[in-house]
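Participant:
In full-length UniProt numbering, the protein residues as written are 1 to 607.
1. Give the list of continuous alpha helix (DSSP H) stretches no shorter than 4 residues that lie fully inside the region 500-550.
2. If we ignore side chains and look at the alpha-carbon of each, how far apart do residue 554 and residue 373 end up?
3. Run through DSSP, which three-state label would residue 615 get?
4. Count the other CB atoms within 10 Å of the CB of residue 453; is the residue buried (16 or more) or exposed (fewer)?
5. Under the DSSP definition of a beta bridge, which residues are partnered with residue 85?
6. Between which two residues does the beta strand (DSSP E) carrying residue 421 extend?
7. I'd like the list of long-range same chain contacts for residue 591, defined as Cβ closer than 8 Å, with 5 residues on each side in sequence excluded.
8. So, are the CB atoms of residue 576 and residue 569 less than 8 Å apart?
9. Return the first residue and the last residue of the beta strand (DSSP E) that residue 217 is part of.
10. Cutting at 7 Å between CB atoms, please list the residues of its own chain near residue 494, excluding the five before and the five after it.
11. Going by Cα to Cα distance, which pick from 501, 35, 243 and 84 is closest to residue 29?
12. Count the C-beta pairs between the region 53-69 and the region 228-244 that are closer than 8 Å, then say yes if the count reaches three, no if not.
13. Quick one: using the 10 Å Cβ neighbour count with 16 as the cut-off for buried, is residue 117 buried or exposed?
14. Measure the CB-CB distance between residue 119 and residue 159 and report whether it falls below 8 Å.
15. Once DSSP output is grouped into helix, strand and coil, what is the label at residue 372?
16. DSSP beta-bridge partners for residue 187?
17. Where does residue 347 fall in DSSP's three states?
18. Please classify residue 347: is it buried, with 16 or more other beta-carbons within 10 angstroms of its beta-carbon, or exposed?
19. Could you give the distance in angstroms between the alpha-carbon of residue 535 and the alpha-carbon of residue 410?
20. Is it the case that the Cβ atoms of residue 178 and residue 146 are separated by a distance below 8 Å?
21. Just the C-alpha distance for residue 256 and residue 456, rounded to the nearest angstrom, thanks.
22. Quick check on residue 109: buried or exposed, where buried means 16 or more other Cβ atoms within 10 Å of its Cβ?
23. Counting only the same chain and skipping the five closest in sequence on each side, list residues whose C-beta sits under 8 Å from that of residue 598.
24. In terms of DSSP beta bridges, what is residue 352 paired with?
25. Could you tell me which residues DSSP puts in a beta bridge with residue 246?
26. In three-state DSSP terms, what is residue 31?
27. I need the DSSP call for residue 155, collapsed to helix, strand or coil.
28. Do the CB positions of residue 287 and residue 581 come within less than 8 Å of each other?
29. Can you say whether residue 509 is buried or exposed, counting buried as having 16 or more other CB atoms within 10 angstroms of its CB?
30. Comparing C-alpha positions only, which one of 168, 241 and 487 sits nearest to residue 425?
31. Ends of the beta strand (DSSP E) at residue 427?
32. If distances are taken between C-alpha atoms only, which option among 199, 150, 222 and 132 comes closest to residue 181?
33. Less than 8 Å between the beta carbons of residue 365 and residue 543, yes or no?
34. Only counting the same chain, and skipping five residues up and downstream in sequence, which positions put a Cβ closer than 6 Å to that of residue 208?
35. Apart from the five residues on each side of it in sequence, which residues of its chain come closer than 7 Å, Cβ to Cβ, to residue 166?
36. Under 7 Å Cβ to Cβ from residue 594, same chain only, skipping five residues before and after it: list those, please.
Below, the structure written as structure tokens:
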């Protein structure tokens with residue numbers, strides 16, 4: 001996109017605005033054409049240069065919509081009505097061309113594929129600065145600096161399509177850094193990254209804000225690192241209204257239970273601390289990181305020493321833990337020696353672009369397993385699960401699902417054998433309405449229209465999509481798209497359900513609801529296979545783990561054995577769950593050693 005031939009502020013060194021806000025929202029409401037109400041609704045806030053603003057809220061609250069309005073994509077490119085006023089560096093975003101706004105605001109989308117357009121990694125990062133008509137030397141210098149920050153400089157000659165999902169997200173962040181804009185807006189930038197990738201991203205972001213003249217607006221669900229970077233937290237409720245705005249301590253420590261009740265993600269350490277407080281451990285102030293929790297426990301007296309004054313403000317723990325029904329926790333049992341696996345993989349090798357993505361993988365998945373497929377970005381996790389589900393047909397006679405070879409099966413037979421949920425929900429949408437998207441698997445099985453209407457209505461209610469049946473799937477929020485994608489895989493009732501990063505884009509309440517639903521399906525006999533980077537999710541729900549690295553299967557084991565094997569974790573580029581790491585060998589409280597699941601904490605129930 002070409003910037004108009006007019007003077008504009010130097011993008012390599014944006015001016016620090018000590019007095020005037022770099023971003024100001026005045027009673028902003030945004031309404032999509034088919035929406036009954038705005039989200040966000042009536043939001044007002046001002047952001048100064050150098051602030052790192054963490055935006056939290058349940059799915060559908062308007063977080064992503066708000067970010068799209070900050071750089072003018074709403075209303076210039078996406079149809080939505082805006083009331084109120086948004087100003088960036090004093091410019092009204094509704095009347096200023098997006099090209100000019102891009103010199104002030106750089107955007108990293110929730111889906112990196114939505115913004116990658118060139119044939120090499122280097123060209124992709126250079127594309128934005130080139131369109132600012134900068135000298136070639138500066139374009140190349142910016143591109144190299146940005147790629148080195150996110151660990152992609154050595155892959156600069158590759159096609160972005162050859163990067164893993166996490167690699168493409170790092171590339172999108174590099175593109176934003178190369179623009180040199182005063183404001184970086186990031187919509188869940190680490191959702192698809194492994195631990196090393198997350199470290200790279202936050203190291204880059206810390207470097208960006210170190211001078212204090214750059215501003216970051218961050219929508220993020222993975223809070224374990226975000227809380228250390230953020231200087232301010234803004235919270236929207238389910239209706240898109242601003243309900244909290246202040247320093248991290250004031251919002252996350254003192255209002256943790258309230259935010260949990262809104263369905264907002266909290267750091268794992270905060271959730272654990274609230275449970276421990278309920279069991280009598282006096283943890284005040286509330287820890288927000290695993291390191292905070294560990295330090296607090298080392299100096300914390302035994303639970304019997306609890307006093308009323310030690311309870312966090314607002315009596316947080318009881319509110320958090322008030323009544324919740326535990327979903328069933330599956331327990332793995334070794335199959336009989338002569339039993340046939342429900343999913344069998346033998347000698348599976350998959351090549352793409354002249355490179356092996358999978359190499360000689362052998363794996364058996366038993367009926368009733370809850371299998372987590374884990375590994376670093378680029379390990380081959382998604383490719384393996386897609387081959388199991390027949391989404392990308394594997395070589396013949398290498399995969400069997402309930403006796404079916406996915407390489408030879410038609411769509412109807414596959415839908416009866418296995419349901420699949422893509423990492424990016426939009427990649428599986430084919431219908432023009434939510435109703436028709438859910439109905440499609442049933443129509444492939446020639447189910448009657450009366451039964452289709454009944455089952456689709458049940459699924460709409462179950463996933464909080466009632467009233468959106470006539471909406472186009474692409475106009476849903478990120479969280480709503482994810483729920484729709486899961487619903488389409490569940491509705492046909494296949495014995496195997498495979499999901500690629502199922503909690504991506506979900507608020508805490510919806511993620512808990514989804515995982516509880518998967519646990520219930522698993523307890524009822526459905527075999528569940530999930531690709532995930534979330535080791536806490538693996539600890540809470542999985543009965544088995546398939547560990548991949550470099551396209552090879554390193555181990556097929558239990559989560560407990562995985563987390564106890566430091567060498568295996570290192571070779572796979574993984575880490576223990578935050579809770580397990582925080583509680584490991586806490587000398588003052590040996591009763592907590594070895595606990596990896598929140599639901600196993602004293603006084604804890606899965607909520």
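Every residue, glycine too, gets a C-beta built ideally from N, C-alpha and C. Predicted, not measured: the structure shown is a model, and the values here were computed from it.
Facilitator: Straight from the coordinates:
1. Qualifying alpha helix (DSSP H) stretches, in chain order: 508-523 and 535-541.
2. Residue 554 and residue 373 have their C-alpha atoms some 11 Å from each other.
3. This structure cannot settle anything about residue 615, because the visible part of the chain is limited to 1 through 607.
4. With fewer than 16 Cβ atoms within 10 Å of its Cβ, residue 453 is classed as exposed.
5. According to DSSP, which records beta bridges pairwise, residue 85 is partnered with 26.
6. Counting along the chain, residue 421 sits inside the beta strand (DSSP E) bounded by residues 418-421.
7. Counting only Cβ-Cβ distances below 8 Å, and skipping sequence neighbours, we find 602.
8. Their beta carbons are under 8 Å apart, which means residue 576 touches residue 569 by this criterion.
9. From DSSP, the beta strand (DSSP E) with residue 217 extends over 215-219.
10. 415, 416, 417, 418 and 419.
11. Here the closest residue by C-alpha is 84.
12. Yes, the region 53-69 touches the region 228-244.
13. With fewer than 16 Cβ atoms within 10 Å of its Cβ, residue 117 is classed as exposed.
14. A contact, by the Cβ cut-off of 8 Å.
15. Residue 372 carries a strand assignment under DSSP once its states are collapsed to helix, strand and coil.
16. In the DSSP output, where bridge partners are listed per residue, residue 187 has 219.
17. Three-state DSSP puts residue 347 in a strand.
18. Exposed.
19. About 35 Å.
20. Judged by beta-carbon spacing, residue 146 lies within the 8 Å limit of residue 178, meaning their Cβ atoms are closer than that value.
21. Whole-angstrom Cα-Cα distance: 36 Å.
22. Of the other Cβ atoms in all chains shown, 16 or more fall within 10 Å of the Cβ of residue 109; this residue is therefore buried.
23. The answer, listed in chain order, is 268, 271, 272, 275, 536, 540, 579, 604 and 606.
24. 355.
25. Per DSSP, 233.
26. Residue state, collapsed to three classes: strand.
27. Residue 155 falls in the helix class under three-state DSSP.
28. Taking 8 Å as the cut-off, the Cβ atoms of residue 287 and residue 581 do not count as close.
29. Counting Cβ neighbours within 10 Å, residue 509 comes out buried, since at least 16 surround it.
30. For residue 425, the nearest C-alpha among the options comes from 487.
31. Counting along the chain, residue 427 falls outside any beta strand (DSSP E), and DSSP gives it neither H nor E.
32. Measuring from the Cα of residue 181, the nearest candidate turns out to be 132.
33. No; because the gap between Cβ atoms is not below 8 Å, this pair is not in contact.
34. Cβ neighbours of residue 208 within its own chain (closer than 6 Å, five residues either side excluded): 214.
35. In chain order, 192, 193, 194, 197 and 377 place their CB closer than 7 Å to the CB of residue 166, counting only its own chain and leaving out the 5 sequence neighbours on each side.
36. Taken in chain order, the list of residues that qualify is empty.
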